[in-house]
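Protein chains in written order, with the working numbering: chain A, 1436 to 1759; chain B, 724 to 1016.
Virtual Cβ for every residue (Gly too), placed ideally from N, Cα, C.
Written below as structure tokens is the structure these notes are about.
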């Protein structure tokens, strides 16, 4: 009986599958695809809509908005320089404080702490990241602000008063409380990313270093830090991105001042905090467009830092796994 | 003639110095960790000390008292937060889970990488920018309402849910998937009937984590859902009060009584956020361990 069909061709198999399964497979593919591609489209839509919303201000002020030094709703003259300065100073100073602290915490957790302590301290540091920024800001207004005015400012002034940054009368609201609040926010982010990085260092390398008679710190300096350098830069960058974008807690403690503060004791304002502070007051179209323009600057900055951090992390992982 | 210096094998001053430096650096690590824990402690203790005395029954069942009078509560904010976060979760959960399934089950490597990158970018956007985006898109010319606020919170939750779901999906053992396919079960039945149930608890805890984050967000609501009345309302077609926005405005109110209520609200919020995120973190670690085994 040579005519008997032994193997069914794949096409016939496919057509014999239940109709419901064919529809189900396609439907789930399309549905999930829509959600996945929708996430890409969402980022595009956000970028497009923010540029579009800022357009009247872009047309009126052009790129000069970025270095224009006034924010006056009465005369409709708007510029971002004061806030760029405030953002740069507060974020940079916060990173300067929080970066080394976070790396030290991550080293403590990976190299020094016994396992039981590691779990507890690790989750406590992560809890710090979960504190809502509005609560941290509330604490900043009523606890940190007065403490800075009564203790930190006078102390800094008496020791470093000859530096212009630490001149002037101590105040409750100002750049310094904002810097401290931002530092508190950065620490858990940078610490948890660095901790993952330090954990990934192969133990052969560490043991090799110990075997050569190095102390723990020498091992860290010679093995752990060089091995994770790129990743640590990315971790700090991610922390800085958070500091630059933080609106609520900063607007609560920084004092909302238009101008360039010469001392850290004076009030100032950042891009994000100025946006947040204007939530009730924007009426004229150009005022609204200028606020959106500030958000556009933030958006561009966030995209750049995030992509840079991603690229660094990818390259780091590529190196570590040898490209596999 | 050059002489080669013989290495000294006894502990000299150099070794003592190295040990001292090491000890100093290690102590600085310990100090840094202590400092972070101390800051968390100080913040929590402040919220406890200032928040608990201001908590009474009225806080949960009354709305803001007329100016200058004592009493009153923030019932409208609790109800509003519930509606805002609930609607946001209902929007973000399906989209996030579907996107995660697409990344891990359907998409090509290249497409999957782009989507993951975009989700990370979305996660890294300052929340105030998301608020401004929806303000420019939907509020200008029309006015605020709670649905726009929920949309803003949903955009914040989306990458958190999608990424955490995708991470647990990646942990599903290949043999489960292959066994189901080998039995002739179609792909979609495999996903819905085998893969999702296996990862269900992981998805749930990822969502809880996102809810905890969204419940504390103020910035996306300022421009989309902050001009509300002081009465309890449920309909998302109006601007609704929310706990974070109420803390934000009461904190700067020139009224001691409202300041106290801000602390009380902060206590409730921080308790909710810390308890849910701690619990879901523990649950996530457990379900991850179970899948990896």
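message = Between the alpha carbons of residue 1758(A) and residue 1752(A), how many angstroms are there, rounded?
response = The predicted position of residue 1758(A) is uncertain, since its pLDDT is 48 and thus under 50; a value taken from the coordinates is nonetheless stated next. Roughly 8 Å between the two C-alpha positions.
request  = Scan the region 958-985 of chain B and note each continuous alpha helix (DSSP H) run of 4 residues or more that stays entirely inside, going in chain order.
outcome  = 966-974
request  = Give a yes or no on whether the minimum CB-CB distance between residue 868(B) and chain A is below 8 Å.
outcome  = no
Residue interval of the alpha helix (DSSP H) (run including residue 1521(A)) = 1516-1542
request  = May I ask you to list the residues that DSSP assigns as paired with residue 1513(A)?
outcome  = 1506(A)
key: Best match in 1493(A), 1463(A), 1559(A) and 1576(A) for proximity to residue 1021(B) [C-alpha to C-alpha]   = Residue 1021(B) is absent from the model: chain B starts at 724 and stops at 1016.
Euclidean distance between Cα positions of residue 724(B) and residue 1553(A) = Residue confidence is low: residue 724(B) scores 45 on pLDDT, short of 50, so the model does not pin down where it sits. No coordinate-derived value is stated.
query = Does any CB atom of chain B fall closer than 8 Å to the CB of residue 1709(A)?
reply = no
key: Beta carbon proximity, residue 1607(A) to chain B, threshold 8 Å   = no
Residue 1648(A) in three-state terms, based on DSSP = coil
query = Looking only at DSSP bridge pairs, what is residue 1703(A) linked to?
reply = 1690(A)
message = For the region 1503-1514 of chain A against the region 1718-1730 of chain A, do three or more pairs of beta-carbon atoms, one drawn from each stretch, fall closer than 8 Å, so that the two count as touching?
response = yes
key: Closer than 8 Å to chain B by CB, residue 1558(A)   = yes
ask   = Can residue 746(B) and residue 1653(A) be called in contact, C-beta distance under 8 Å?
value = no
inquiry  = With a threshold of 8 Å between beta-carbons, can residue 1517(A) be considered close to chain B, or not?
reply    = no
message = Nearest by alpha-carbon distance to residue 1638(A): which of 1506(A), 1546(A) and 1503(A) is it?
response = 1546(A)
message = Once the 5 residues before and after residue 1436(A) are set aside, which same chain residues still bring their CB inside 8 Å of it?
response = Only weak support exists for where residue 1436(A) lies, its pLDDT of 48 falling under 50; the coordinates are left without a value.
task = Would you kindly report the start and end of the unbroken alpha helix (DSSP H) that includes residue 1471(A)?
result = 1454-1496
inquiry  = Would residue 799(B) and residue 964(B) be called neighbours here (beta carbons separated by less than 8 Å)?
reply    = yes
ask   = Does the beta-carbon of residue 982(B) have 16 or more other beta-carbons within 10 angstroms, so that it is buried, or is it exposed?
value = buried
query = Do you know offhand how far residue 1464(A)'s Cα is from residue 1477(A)'s?
reply = 19 Å
inquiry  = Only counting the same chain, and skipping five residues up and downstream in sequence, which positions put a Cβ closer than 8 Å to that of residue 1750(A)?
reply    = 1665
request  = Could you confirm whether any beta carbon from chain B is found closer than 8 Å to the beta carbon of residue 1436(A)?
outcome  = Note that residue 1436(A) has pLDDT 48, beneath the 50 cutoff, so the model's placement of it is unreliable and no number is given.
ask   = With a Cβ-Cβ cutoff of 8 Å, do residue 802(B) and residue 971(B) count as a contact?
value = no
request  = Could you list which residues in chain A have their beta carbon closer than 7 Å to that of residue 815(B), in chain order?
outcome  = Chain A residues near residue 815(B): none, gap ~11 Å exceeds 7 Å.
request  = Check the Cβ-Cβ distances between residue 890(B) and every residue of chain A, and say whether any is below 8 Å.
outcome  = no
query = Hey, residue 1559(A) and residue 1624(A): beta-carbon distance below 8 Å or not?
reply = no
message = Suppose you measure from the CA of residue 921(B) to the CA of residue 887(B); what does that come to, to the nearest Å?
response = 14 Å
request  = Between the Cα of residue 1568(A) and those of 940(B), 834(B) and 862(B), spot the shortest distance and give me the residue it belongs to.
outcome  = 940(B)
query = How about residue 843(B): is its C-beta nearer than 8 Å to some C-beta of chain A?
reply = yes
key: Exposed unless 16 or more other CB atoms sit within 10 angstroms - verdict on residue 1690(A)   = buried
message = Please report whether the beta-carbon of residue 1015(B) lies at a distance below 8 Å from any beta-carbon of chain A.
response = no
task = Closer than 7 Å by C-beta to residue 783(B): which residues in its own chain qualify, once you throw out the five before and the five after it? Chain order, please.
result = 796, 798 and 801
Cβ-Cβ distance between residue 1701(A) and residue 1610(A) below 8 Å = yes
query = What residues in the region 737-756 of chain B bring their beta carbon closer than 7 Å to a beta carbon of chain A?
reply = 741, 742, 744, 745, 748, 749, 751, 752, 753, 755 and 756
request  = Could you check the C-alpha separation between residue 1705(A) and residue 1520(A) for me, to the nearest Å?
outcome  = 7 Å
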